[in-house]
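Residue numbers (our numbering), protein chains in the order written: chain S, 627 to 813; chain F, 12 to 148. For every residue, glycine included, the Cβ atom is placed at its ideal position computed from N, Cα and C. If you're wondering where the values come from, they're calculated on a predicted model, not measured in any experiment. All remarks here apply to the structure that follows.
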């Protein structure tokens, strides 16, 4: 029963994540993709008719909002009842680099030094969480999808749009990781 | 209960994201530092399985659970949008260490601080809706 509590290697978890593609097509005839739920949330919360989301659009996307609620519940289940609490084994260069930037607590899924409610009014957490989230939401819609919709669903369909978007994900991610994050973490 | 199947699939996906460790901020750093094969293995094998599944669906004209022919929607090509939007997304991915699905899985797993990033992502999506027509695509 160890497999319930330990983490799953990539060759187990990756193919299972890939099965989301046919599963979504089979159960609902829908394309797998998560970021469009953020659009539905806008359409629900903000009674503003702009081009991207009409007021009642979300009613056609209830299936995806329910899927999203499932992801949250899955997080509750796995995060509380399916973990042995052992830290992730990271590459040495990553550990060394993070430590040089002041991040030494690698025991959970996020760096506790950065992501904690005590720092909620600091510039550093504002940039990392809120501005970071802003880029995720803005970029996903501008690009037409996120890691699930473009990288997994789109590339499974051999879409050029998705290949371009995934190249973009890496240009942005590498630039942030190598050139901007060290400065932001030192704030 | 026509939505129950989506809830169950979502729960499976949420569990998978946690067990695969792809929700870890550290794993995302490691990926962008090319210091481990883990993330590439997860995403790469997911694409291989997804692509093979789609080929099987096409070859055998498989039907959905409701008996309808399965529709495979192409992703609209908008070169500037795909690239520039992708770059914005990548900047945010490396900062928060999470893309949209992990934001919710992490919040569920007890990292309530991720609500901040969800708020940011919703504002970002909303902002895109406001400025969409003024952006190059």
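Contacts of residue i in chain F (Cβ-Cβ under 7 Å)
| i | result |
| --- | --- |
| residue 803 of chain S | 40, 43, 44 and 105 |
| residue 728 of chain S | Residues of chain F passing the Cβ test: none, with the nearest at roughly 14 Å. |
| residue 684 of chain S | Per Cβ cutoff of 7 Å: no residues; residue 684 of chain S is ~12 Å from chain F at best. |
| residue 808 of chain S | Neighbours of residue 808 of chain S on chain F: none; closest Cβ ~11 Å, over 7 Å. |
| residue 725 of chain S | Within chain F, no residue comes near residue 725 of chain S; the closest Cβ sits about 12 Å away, beyond 7 Å. |
| residue 667 of chain S | 133 |
Those residues which DSSP pairs with residue i across a bridge
| i | result |
| --- | --- |
| residue 80 of chain F | F:74 |
Segment limits, alpha helix (DSSP H) that includes residue i
| i | result |
| --- | --- |
| residue 690 of chain S | 688–707 |
| residue 628 of chain S | 628–631 |
| residue 130 of chain F | 125–142 |
| residue 723 of chain S | 718–726 |
| residue 713 of chain S | That residue, residue 713 of chain S, is in no alpha helix (DSSP H); it is neither H nor E in DSSP. |
| residue 787 of chain S | 786–801 |
| residue 12 of chain F | Segment: none, residue 12 of chain F is in no alpha helix (DSSP H) and carries neither H nor E. |
| residue 105 of chain F | 97–107 |
| residue 41 of chain F | 36–43 |
| residue 769 of chain S | 758–769 |
| residue 641 of chain S | 636–644 |
| residue 115 of chain F | 111–119 |
Chain S residues whose Cβ lies nearer than 7 Å to that of residue i
| i | result |
| --- | --- |
| residue 93 of chain F | 769, 770, 787, 790, 791 and 794 |
Partners in chain S for residue i, counting only beta-carbon separations shorter than 8 Å
| i | result |
| --- | --- |
| residue 70 of chain F | Here the premise fails: no neighbours, minimum Cβ distance about 13 Å. |
Residue i - DSSP class collapsed to helix/strand/coil
| i | result |
| --- | --- |
| residue 810 of chain S | helix |
| residue 743 of chain S | helix |
| residue 738 of chain S | coil |
| residue 69 of chain F | helix |
| residue 658 of chain S | coil |
| residue 22 of chain F | helix |
| residue 54 of chain F | helix |
| residue 90 of chain F | helix |
| residue 754 of chain S | helix |
| residue 148 of chain F | coil |
| residue 683 of chain S | helix |
| residue 671 of chain S | helix |
| residue 729 of chain S | coil |
| residue 805 of chain S | helix |
| residue 777 of chain S | helix |
| residue 33 of chain F | coil |
| residue 748 of chain S | coil |
| residue 85 of chain F | coil |
| residue 783 of chain S | coil |
| residue 122 of chain F | coil |
| residue 47 of chain F | coil |
Contacts of residue i in chain F (Cβ-Cβ under 8 Å)
| i | result |
| --- | --- |
| residue 828 of chain S | As shown, chain S starts at 627 and ends at 813. That puts residue 828 of chain S outside it, with no answer to give. |
| residue 743 of chain S | 123 and 124 |
| residue 711 of chain S | What residue 711 of chain S touches in chain F: nothing, since even the nearest Cβ is about 12 Å away. |
| residue 650 of chain S | 20 |
| residue 733 of chain S | Near residue 733 of chain S there are no residues of chain F at all, since even the closest Cβ is about 10 Å away, more than 8 Å. |
Beta-carbon neighbours of residue i, restricted to chain F and to distances below 9 Å
| i | result |
| --- | --- |
| residue 759 of chain S | 103, 106, 107, 109, 114, 125, 127, 128, 129, 130, 131, 132, 133, 134 and 135 |
| residue 813 of chain S | Simply none; closest approach about 12 Å. |
| residue 657 of chain S | 82, 83, 84 and 86 |
| residue 708 of chain S | 26, 29 and 30 |
| residue 670 of chain S | Correct list: empty, because the minimum Cβ distance to chain F is about 10 Å. |
Partners in chain S for residue i, counting only beta-carbon separations shorter than 9 Å
| i | result |
| --- | --- |
| residue 78 of chain F | The premise fails here: residue 78 of chain F is roughly 10 Å from chain S at the closest Cβ pair, so nothing lies under 9 Å. |
Query raised in the report: Do three or more CB pairs link the segment 687–706 of chain S to the segment 29–37 of chain F at distances below 8 Å?
Result: yes
Query raised in the report: Counting Cβ pairs, one atom from each stretch, are 3 or more of them under 8 Å apart for the segment 127–136 of chain F and the segment 75–89 of chain F?
Result: no
Query raised in the report: Three or more C-beta pairs closer than 8 Å, one from the segment 684–697 of chain S and one from the segment 799–810 of chain S: is that the case here?
Result: no
Report task. Flag this pair as touching only if the segment 716–728 of chain S and the segment 39–46 of chain F have three or more C-beta atom pairs under 8 Å; answer yes or no. Result -> yes
Requested in this report: May I ask you to verify whether the segment 59–73 of chain F touches the segment 641–650 of chain S, counting CB pairs closer than 8 Å and requiring at least 3?
Outcome: yes
Report task. Taking 8 Å as the threshold, find out whether the segment 786–800 of chain S comes into contact with the segment 658–669 of chain S through three or more Cβ pairs. Result -> no
Report task. Would you check if the segment 87–107 of chain F and the segment 754–766 of chain S touch, i.e. whether three or more CB-CB distances between them fall below 8 Å? Result -> yes
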